[in-house]
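Colleague:
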Amino acid sequence: MKPILVFQTDFTYKEGAVSAMYGVVKSVDRELEIIDGSHEIPQFDIWSASYRLWQSMRFWPEGTIFVSVVDPGVGTGRKACVAKTTDGYYVVTPDNGTLTHLKKEVGIISIREIDETINRLRGKNNEGVSVFHGRDLFGYCAARLASGIISFEQVGPDYLVENIVVLPIQEPFLKNGKVYGNFEINDPNFGNLWTNIPLSIFNQAGFVYGDHLRMVIRFNGGIVFDKTVLFHKSFGFASKGDVIIYNNELMRVAVAICQGNFSQVYSLEYGPEWEVDFSK
Amino acid sequence: MKPILVFQTDFTYKEGAVSAMYGVVKSVDRELEIIDGSHEIPQFDIWSASYRLWQSMRFWPEGTIFVSVVDPGVGTGRKACVAKTTDGYYVVTPDNGTLTHLKKEVGIISIREIDETINRLRGKNNEGVSVFHGRDLFGYCAARLASGIISFEQVGPDYLVENIVVLPIQEPFLKNGKVYGNFEINDPNFGNLWTNIPLSIFNQAGFVYGDHLRMVIRFNGGIVFDKTVLFHKSFGFASKGDVIIYNNELMRVAVAICQGNFSQVYSLEYGPEWEVDFSK
Amino acid sequence: MKPILVFQTDFTYKEGAVSAMYGVVKSVDRELEIIDGSHEIPQFDIWSASYRLWQSMRFWPEGTIFVSVVDPGVGTGRKACVAKTTDGYYVVTPDNGTLTHLKKEVGIISIREIDETINRLRGKNNEGVSVFHGRDLFGYCAARLASGIISFEQVGPDYLVENIVVLPIQEPFLKNGKVYGNFEINDPNFGNLWTNIPLSIFNQAGFVYGDHLRMVIRFNGGIVFDKTVLFHKSFGFASKGDVIIYNNELMRVAVAICQGNFSQVYSLEYGPEWEVDFSK
Chain A
190 MKPILVFQTD FTYKEGAVSA MYGVVKSVDR ELEIIDGSHE IPQFDIWSAS YRLWQSMRFW
250 PEGTIFVSVV DPGVGTGRKA CVAKTTDGYY VVTPDNGTLT HLKKEVGIIS IREIDETINR
310 LRGKNNEGVS VFHGRDLFGY CAARLASGII SFEQVGPDYL VENIVVLPIQ EPFLKNGKVY
370 GNFEINDPNF GNLWTNIPLS IFNQAGFVYG DHLRMVIRFN GGIVFDKTVL FHKSFGFASK
430 GDVIIYNNEL MRVAVAICQG NFSQVYSLEY GPEWEVDFSK
Chain B
190 MKPILVFQTD FTYKEGAVSA MYGVVKSVDR ELEIIDGSHE IPQFDIWSAS YRLWQSMRFW
250 PEGTIFVSVV DPGVGTGRKA CVAKTTDGYY VVTPDNGTLT HLKKEVGIIS IREIDETINR
310 LRGKNNEGVS VFHGRDLFGY CAARLASGII SFEQVGPDYL VENIVVLPIQ EPFLKNGKVY
370 GNFEINDPNF GNLWTNIPLS IFNQAGFVYG DHLRMVIRFN GGIVFDKTVL FHKSFGFASK
430 GDVIIYNNEL MRVAVAICQG NFSQVYSLEY GPEWEVDFSK
Chain C
190 MKPILVFQTD FTYKEGAVSA MYGVVKSVDR ELEIIDGSHE IPQFDIWSAS YRLWQSMRFW
250 PEGTIFVSVV DPGVGTGRKA CVAKTTDGYY VVTPDNGTLT HLKKEVGIIS IREIDETINR
310 LRGKNNEGVS VFHGRDLFGY CAARLASGII SFEQVGPDYL VENIVVLPIQ EPFLKNGKVY
370 GNFEINDPNF GNLWTNIPLS IFNQAGFVYG DHLRMVIRFN GGIVFDKTVL FHKSFGFASK
430 GDVIIYNNEL MRVAVAICQG NFSQVYSLEY GPEWEVDFSK
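Residue numbers (our numbering), protein chains in the order written: chain A, 190 to 469; chain B, 190 to 469; chain C, 190 to 469.
1) Could you give the first and the last residue of the continuous alpha helix (DSSP H) run that contains M210 (chain C)?
2) What runs of the beta strand (DSSP E), each 3 residues or longer, lie entirely inside the segment 394-462 of chain C?
3) In three-state terms, what does DSSP make of E294 (chain C)?
4) If you follow the alpha helix (DSSP H) that G370 (chain B) is part of, which residue opens it and which one closes it?
5) Between the alpha carbons of A238 (chain C) and A427 (chain B), how many angstroms are there, rounded?
6) Looking at I172 (chain B): is its Cβ nearer than 7 Å to the Cβ of E222 (chain B)?
7) Pull up the distance between the alpha-carbon of N392 (chain C) and that of L382 (chain B), whole angstroms please.
8) So, for I303 (chain A): in the same chain, excluding its five sequence neighbours on each side, which residues have a beta-carbon less than 7 Å away from its beta-carbon?
9) Does the Cβ-Cβ distance between V143 (chain B) and A332 (chain B) come in under 7 Å?
10) Between the segment 227-242 of chain B and chain A, which residues of the former have a C-beta closer than 7 Å to a C-beta of the latter?
11) Identify the contact partners of L388 (chain C) in chain A, using a Cβ-Cβ distance below 9 Å as the criterion.
12) G337 (chain B) lies in the beta strand (DSSP E); which residues open and close that run?
13) Within 10 Å of its beta-carbon, does K364 (chain A) have 16 or more other beta-carbons around it, so buried, or fewer, so exposed?
14) Taking buried to mean at least 16 other C-beta atoms within 10 Å of its own C-beta, is S340 (chain A) buried or exposed?
15) Three or more beta-carbon pairs under 8 Å between the segment 238-247 of chain C and the segment 308-328 of chain C, yes or no?
16) Along the beta strand (DSSP E) that carries W383 (chain A), what are the first and last residues, could you check?
17) So, does the CB of E294 (chain B) fall closer than 7 Å to a CB anywhere in chain C?
18) Can you give me the start and stop residues for the beta strand (DSSP E) that I254 (chain A) sits inside?
19) Out of curiosity, what's the CA-to-CA distance linking K293 (chain A) and V355 (chain A)?
20) Leaving out five residues on either side along the sequence, give the residues of the same chain with a beta carbon under 7 Å from the beta carbon of D375 (chain B).
21) Counting only the same chain and skipping the five closest in sequence on each side, list residues whose C-beta sits under 8 Å from that of E220 (chain A).
22) The beta strand (DSSP E) with L356 (chain A) in it runs from where to where?
23) In chain A, which residues lie with their C-beta within 9 Å of the C-beta of Y435 (chain C)?
24) Just to confirm my understanding: we take N437 (chain B), look at its own chain, exclude 5 residues before and 5 after, and list those with CB closer than 6 Å. What are they?
25) Quick one: which chain E residues come within Cβ less than 7 Å of V432 (chain C)?
26) With 7 Å as the threshold, decide whether the Cβ of V213 (chain A) is near any Cβ in chain C.
27) Could you name the residues of the same chain whose beta carbon sits closer than 7 Å to that of E229 (chain C), not counting the 5 residues immediately before and after it, in chain order?
28) Below 7 Å between beta carbons: does that hold for R301 (chain B) and D347 (chain B)?
29) Return helix, strand or coil for Q232 (chain A), following the three-state DSSP convention.
30) As a quick exercise: from B:V454, B:F248, B:Y369, pick the residue whose alpha carbon is nearest that of G430 (chain B).
31) Under 7 Å Cβ-Cβ, which residues of chain B neighbour I180 (chain A)?
32) Under three-state DSSP, which class holds Y278 (chain C)?
33) My assumption, with CB atoms under 8 Å, is that S227 (chain A) sits in contact with Q197 (chain A). Please give the rounded CB distance.
34) Which of the three DSSP states is assigned to E342 (chain C) in this structure?
35) In chain A, what lies closer than 7 Å to N385 (chain C) by C-beta?
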């Protein structure tokens, strides 16, 4: 079977862009299977695009082709590319930092710049358009790749994996019984915040489910939260409305309010400036 | 053909959860057809999850498998189950009240608890995860069932239908020419409110399209709306901005503002505390 | 292969309506392929529905069947129809202005009123329902057409293309070196505003990428914006936060703020009362 195409953008479904993009795919090959990853990545948020790819990719069949279009630099000099991961997935994307987590956590074994002279949609009164590469370039090229019309090699010339654009990633650590990290992403629907701390570091620190841990959160160095909070394996072990530290779906430490919105209630966000440490 | 999988959750598409869940399904069996029911059920709102299943189910082909994940108790003691309805559909869901309407309005003929030792996803660094049963348990088990890898009997041990967790449902009635009910759900997009009153009770009361009916709405017993309003078969029979009582898509009495938002304009919601009566 | 069905409505995914509608399609024919165009067309906004069809249609394979349900007059006298375009697409829709852009920009060669006596869903306790033609009429009829159960001729009686309901469309023009038009639609996600001015008129006026153009915006005749702004081929040529005039995905002139929301920042909307002119 031909590989599945999973799309991720910041376009939303509010207008006709996704429809046009998917129409291009189906015009290349009616048999191709298109699935929405998300069209609600926060606008221009390359970091989130990168994280969401990593979050979901390994649950898909090997060979699945991801198309990620969070592309504030569309029409400018940034490269349009197709990357191949060490575990056999493909990502069609602007090379603007979207490959950050995959490169670090999974590995990219090869990357090619899309040759616009052969892998760009033409003939739809769109030759002069520079603002919709999701439709004219990424969607079209991905469809040709999925369909077998072109091989990975025919995407365009390869370039060095070390030249892939990446955003800085912070590293968590354990020191003197205290675990240090930062909030690296959120669960925007439920308002949970996810740290960059693997559960394994909590294990090393001797923290176990049922413990009450002191959690200190800093924004640009200033303390914005300092409380002792239950650490457990799921939300339901806290009372409704209580803060809880838990092990998230990616085996990393996260924080929620049971049936509430932690991020909103405490006005907390994610990013390198949001540090957090845990101690007994 | 293998049964369709229709998914309903409160996850939204804002991050990578739905993508990971669907990836699991496709990794079990590439042929399976996945359709979004809704990923915008209000958070933790088991009542809405229950209602939406009943609202849409009978329009699908017999044998369709619904996966419903509104699951505030994930990782705690609540049962994970697969129910079979009297009319031949399946629902994969936490047994937390989500089966309320189907049990009452359609009937459940058999229910089985998912055996996690065989029907839980493994090998994706997710063995220690307790917060994402949509991906690791419900989605995975549903895919195995749809694919024919397991039979309904192989889901796990059955238990008594009478032990299914249900939420209380109120009953409408006719008394002395007046019809009593409550707002049991909304149309959150358009702001319409739907009562639990079947059109047949209006017929018994002698109310016909074109009548102007006195509608009294009470919140916790106090009157919050008392006006005489047109009853007709569709919105367009009222002038733009006017309130109208109509027969909704499920043959129940509902209230809207023509091209407006009834719920918002009058600050009305739904639930057992929102009573309504109609008289000529 | 059977034609694809692309759905566009103002229903959202917040409740069970889309699910019920798609269930009807799958109950007619399991093989049919359903793709979301958008379920977030602004409520009752027939103009947007019309525009979005035109925006995306030509990117789909010939023969694709679009189902558009923005239908404030549901259950009243407006016609339910299937239109065939000159380039071979079908649209199943209320004849309420939704065909405006297709009729003008593409051409309709034939239109038929849906015969409810044969192409309306029955037997689901829905005979008395007048408020959900998306499920009971448009979705059902479109599925029968896509499946080959009925031919286009069997939809129902044809009527004159000249009788199709259309909304007024404004025409842009060039006069004394100045280009006049209006904002005819938005990009609601990013806050860009799209004019009705084809790039070709800018070319005739001698405007080229890199020019700074005076842009005057009027609301009901009164000036609400008057600044000189860069005109270029994509957003990234402006600095973050700056206004930019660009050539949009449909080869029409549009206005954005680089990584910002032009519509929101300047409180601008679209419609016939929003005029704009450009000069050097």
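Backbone N, C-alpha and C fix where the C-beta goes; we use that ideal spot for every residue, glycine too.
Modeller: Looking at the coordinates:
1) Locating residue 210 (chain C) in the third sequence gives position 21, where the first residue counts as 1. First-last of the alpha helix (DSSP H) with M210 (chain C): 206-217.
2) 401-408, 411-421, 432-436, 441-446
3) Taking the third sequence and counting its residues from 1, one reaches residue 294 (chain C) at position 105. Note: E294 (chain C) maps to helix in three-state DSSP.
4) Within the second sequence, the letter at position 181 stands for residue 370 (chain B). Per DSSP, G370 (chain B) belongs to no alpha helix (DSSP H); it is in the beta strand (DSSP E), 367-376.
5) Here residue 238 (chain C) corresponds to residue number 49 of the third sequence, with the count starting at 1. Here residue 427 (chain B) corresponds to residue number 238 of the second sequence, with the count starting at 1. Those two C-alpha atoms are separated by around 23 Å.
6) Outside the displayed range of chain B (190 to 469) lies residue 172 (chain B), so it cannot be described from this structure.
7) On the third sequence, position 203 is the one that residue 392 (chain C) refers to. On the second sequence, position 193 is the one that residue 382 (chain B) refers to. N392 (chain C) and L382 (chain B): Cα-Cα distance of roughly 53 Å.
8) As a working note, residue 303 (chain A) is residue 114 in the first sequence. Cβ within range, chain order: A269, C270, V271, L326, C330, V344, G345.
9) One cannot answer for residue 143 (chain B) here, as it falls past the ends of chain B, which runs 190 to 469.
10) Q232, F233
11) Looking up residue 388 (chain C) in the third sequence gives position 199. Near L388 (chain C) (Cβ distances below 9 Å), the residues of chain A are G317.
12) Translated into positions along the second sequence, residue 337 (chain B) becomes position 148. Note, G337 (chain B): premise wrong, no beta strand (DSSP E); not H, not E.
13) Looking up residue 364 (chain A) in the first sequence gives position 175. It is exposed - the Cβ of K364 (chain A) has fewer than 16 other Cβ atoms within 10 Å.
14) If you number the first sequence from 1, residue 340 (chain A) lands on position 151. Classification for S340 (chain A): exposed.
15) No contact exists between the segment 238-247 of chain C and the segment 308-328 of chain C.
16) Position 194 of the first sequence, counted from the first residue, corresponds to residue 383 (chain A). W383 (chain A) -> beta strand (DSSP E) spans 381-387.
17) Here residue 294 (chain B) is taken as the residue at index 105 of the second sequence, counted from 1. When Cβ-Cβ separations below 7 Å define contact, E294 (chain B) makes no contact with chain C.
18) Stepping through the first sequence from its first residue, residue 254 (chain A) is reached at position 65. Where I254 (chain A) is concerned, the enclosing beta strand (DSSP E) stretches over 254-258.
19) On the first sequence, residue 293 (chain A) is found 104 positions in, with the first residue counted as 1. On the first sequence, residue 355 (chain A) is found 166 positions in, with the first residue counted as 1. Roughly 9 Å separates the two Cα atoms.
20) In the second sequence, the residue the question calls residue 375 (chain B) occupies position 186. It is Asn, not Asp, that sits at residue 375 (chain B) in the sequence shown. For N375 (chain B), where only same-chain residues beyond five positions count, the Cβ hits under 7 Å are N381, L382, W383, S452, Y459.
21) Position 31 of the first sequence, counting from 1, holds the residue named residue 220 (chain A). Only K191, S336 meet the Cβ criterion.
22) Walking along the first sequence from the start, residue 356 (chain A) turns up at place 167. Run containing L356 (chain A): none; DSSP gives neither H nor E here.
23) Position 246 of the third sequence, counting from 1, holds the residue named residue 435 (chain C). What Y435 (chain C) touches in chain A: G264, S319, V320.
24) One-based indexing of the second sequence puts residue 437 (chain B) at position 248. W383, A443, listed in sequence order.
25) In summary, chain E is missing from the structure at hand, where the protein chains are A, B and C.
26) For the purposes of this step, residue 213 (chain A) is taken as the residue at position 24 of the first sequence. Cβ-Cβ to chain C under 7 Å: yes for V213 (chain A).
27) Along the third sequence, read from residue 1 onward, the residue named residue 229 (chain C) stands at position 40. So the qualifying residues of the chain are T201.
28) The count along the second sequence starts at 1 and reaches residue 301 (chain B) at position 112. The count along the second sequence starts at 1 and reaches residue 347 (chain B) at position 158. Taking 7 Å as the cut-off, the beta carbon of R301 (chain B) is found closer than this to the beta carbon of D347 (chain B).
29) Residue mapping note: residue 232 (chain A) aligns to position 43 of the first sequence, counting from 1. Coil, per DSSP.
30) Numbered from 1 along the second sequence, position 241 holds the residue referred to as residue 430 (chain B). Residue B:V454 is the option with its Cα nearest to G430 (chain B).
31) Absent from the model: residue 180 (chain A). The displayed extent of chain A is 190 to 469, so no value can be given.
32) Here residue 278 (chain C) is taken as the residue at index 89 of the third sequence, counted from 1. Here Y278 (chain C) sits in coil by DSSP.
33) Residue numbering aside, residue 227 (chain A) sits at position 38 when the first sequence is read from its first letter. Residue numbering aside, residue 197 (chain A) sits at position 8 when the first sequence is read from its first letter. 5 Å between Cβ atoms; contact.
34) For the purposes of this step, residue 342 (chain C) is identified with residue 153 of the third sequence, where counting begins at 1. Note: E342 (chain C) maps to helix in three-state DSSP.
35) For the purposes of this step, residue 385 (chain C) is taken as the residue at position 196 of the third sequence. Under the 7 Å cutoff, chain A gives no residues; its nearest Cβ is about 16 Å from N385 (chain C).
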